[in-house]
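Enquirer: Per our numbering, residue 295 is the first one in the sequence shown, and the count goes up by one each step.
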Amino acid sequence: MKIIKKIKAQKNWSQENRNNGKFIGYVPTMGFLHEGHLSLVRKSVDISDVTVVSIFVNPGQFGPGEDFKDYPRDEERDIKLLEEEGVDAVFIPDESEMYPPGFKTYVEVEGLSRKYCGETRTIHFRGVTTVLIKLFNIVKPDVAIFGEKDYQQFIIVRRMCRDLNLDVRIETSPTVREKDGLAMSSRNRYLNSEERNSARFLYKSLLLAVRMVKEGEREVDTIIDEMKDLIESKEHADIEYIEFVDPETLEKVDKIRDNVRVLLAVRVGKARLIDNIGIEP
Ligand code: AMP
């Protein structure tokens with residue numbers, strides 16, 4: 295496995311593989327890898343000739359006062375895990391090369407970037423789309439794999455690729471969960487044991503929504519009230535939002551007539567956790 299730190303070197307590596315007719319799969323990450331990340335990597339290895347994984351804690355997607363400095367990092371362990379998965383190249387760029395002095399260009403998907411998670415994290419998705427278009431230009435993948443765990447991110451990235459005629463295909467992979475249902479996340483390590491216990495109610499509330507729809511409930515407000523009761527009955531859990539949305543456009547839905555995606559964000563202690571689930575009535 296090649297470890298690549300310079301932008302030019304990654305461009306050359308990718309160009310060489312493209313010249314040799316290789317289909318390049320790509321998984322962008324912020325590192326501190328867990329089984330969720332590795333499931334995306336396995337999918338890429340499975341469907342591509344060669345796989346590139348990037349590790350870059352992107353300062354551009356953290357707002358002031360967010361956890362950029364504290365975000366967990368363990369490059370050595372990440373490299374070992376990726377080597378075991380049969381990854382061909384790991385791209386670990388330097389912040390100073392990605393954002394040199396004078397950097398001034400941003401890509402933003404209007405509207406979608408300011409909803410839901412974007413309401414409180416106002417520059418977050420602009421940071422994500424900006425770094426991704428840079429990374430796509432450097433890695434030049436044929437396919438890039440994203441987790442359903444970050445559902446709004448997936449929809450925004452797909453929108454950007456369509457709007458800007460990028461040649462990269464966007465694919466998703468299902469959310470990988472702990473045994474009790476908590477979605478795996480690098481941020482779960484911020485939780486103490488009491489908070490960890492409350493955090494499992496995020497997924498339980500999503501399952502409650504699935505059950506209520508199965509039993510015939512169609513009023514979104516009624517379901518959200520029950521979900522809130524369940525989550526807020528737990529210590530340390532502070533709901534930021536729960537929304538039922540159209541799975542393609544992310545427009546809000548108030549009555550369930552068709553497939554919906556339930557998105558939620560909850561603060562548990564100092565961790566801000568997100569999760570989502572698809573419901574087919
Ligand atoms: P991150 O390192 O948090 O930026 O995540 C990198 C990629 O891994 C994104 O596409 C995430 O959606 C995906 N991901 C993170 N957690 C999970 C999970 N529990 N299951 C599946 N994919 C995940």
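Beta carbons: idealized from backbone N, C-alpha and C, even for Gly.
F385 bridges to which residues according to DSSP?
Expert: I298, S348
Enquirer: As a quick exercise: from P366, R452, F448, pick the residue whose alpha carbon is nearest that of Y484.
Expert: P366
Enquirer: Exposed or buried, P435, counting other C-beta atoms within 10 Å across all chains shown (16 or more means buried)?
Expert: buried
Enquirer: Looking at the strands, I want to know which residues DSSP matches up with F440.
Expert: The bridge partners DSSP lists for F440 are T466.
Enquirer: Between which residues of its own chain and E545 is the CB-CB distance below 8 Å, once the five residues before and five after are set aside?
Expert: Result list for E545: V539, in chain order.
Enquirer: N352: buried (16+ other C-beta within 10 angstroms of its C-beta) or exposed?
Expert: buried
Enquirer: Leaving aside the five residues before and after A477 along the sequence, list all residues of the same chain whose C-beta is less than 6 Å from its C-beta, in chain order.
Expert: K443, T469, R471, D569, listed in sequence order.
Enquirer: With distance defined between alpha-carbon atoms, name the residue in Q446, L375, G315 nearest to A559.
Expert: Considering only alpha carbons, the answer is Q446.
Enquirer: Does DSSP classify Y535 as helix, strand or coil?
Expert: strand
Enquirer: According to DSSP, is D569 part of a helix, a strand, or is it coil?
Expert: strand
Enquirer: In or out: Q309 buried (at least 16 other Cβ within 10 Å) or exposed?
Expert: Here Q309 is exposed, its C-beta having fewer than 16 other C-beta atoms within 10 Å.
Enquirer: Any chance the region 415 to 430 sits against the region 449 to 469, with 3 or more Cβ pairs inside 8 Å?
Expert: yes
Enquirer: Going by DSSP, name the residue or residues bridged to Y320.
Expert: V346, A438
Enquirer: For D457, which residues from the same chain have a beta carbon less than 8 Å from its beta carbon, with the 5 sequence-adjacent residues on both sides left out?
Expert: V403
Enquirer: Bridge partners of R471, per DSSP?
Expert: A477
Enquirer: Any chance the CB of F440 is under 6 Å from a heavy atom of the ligand AMP?
Expert: Answer for F440: yes, Cβ within range of the ligand AMP.
Enquirer: Could you say which of S342, I297, K296 lies nearest to R312 if we only look at CA atoms?
Expert: Of the residues S342, I297, K296, the one whose Cα lies closest to the Cα of R312 is S342.
Enquirer: Assess contact between the region 316 to 329 and the region 357 to 377, defined as three or more Cβ pairs (one per stretch) separated by less than 8 Å. Is contact present?
Expert: Taking one beta carbon from each stretch, the region 316 to 329 and the region 357 to 377 have 3 or more pairs nearer than 8 Å; the two touch.
Enquirer: Would the C-beta of D444 count as close to the ligand AMP, meaning under 6 Å from any of its heavy atoms?
Expert: Yes, since a heavy atom of the ligand AMP falls inside the 6 Å radius drawn around the Cβ of D444.
Enquirer: On a Cα-Cα basis, can you pick out the residue from P358, S348, L502 that is closest to I573?
Expert: L502
Enquirer: Quick check on E532: buried or exposed, where buried means 16 or more other Cβ atoms within 10 Å of its Cβ?
Expert: What sits at residue 532 in the sequence shown is Asp, not Glu. The residue in question, D532, is exposed, as its Cβ has fewer than 16 Cβ neighbours within 10 Å.
Enquirer: Within the present structure, is the beta-carbon of M584 separated from the nearest heavy atom of the ligand AMP by less than 6 Å?
Expert: This structure does not reach residue 584, given that the chain is present from 295 up to 575, and the question cannot be answered.
Enquirer: Is the beta carbon of I259 less than 7 Å from the beta carbon of V401?
Expert: Any question about residue 259 goes unanswered here, given that the chain covers just 295 to 575.
Enquirer: Given this structure, state the Cα-to-Cα distance separating P541 from M521, to the nearest angstrom.
Expert: The straight-line gap from Cα to Cα measures roughly 19 Å.
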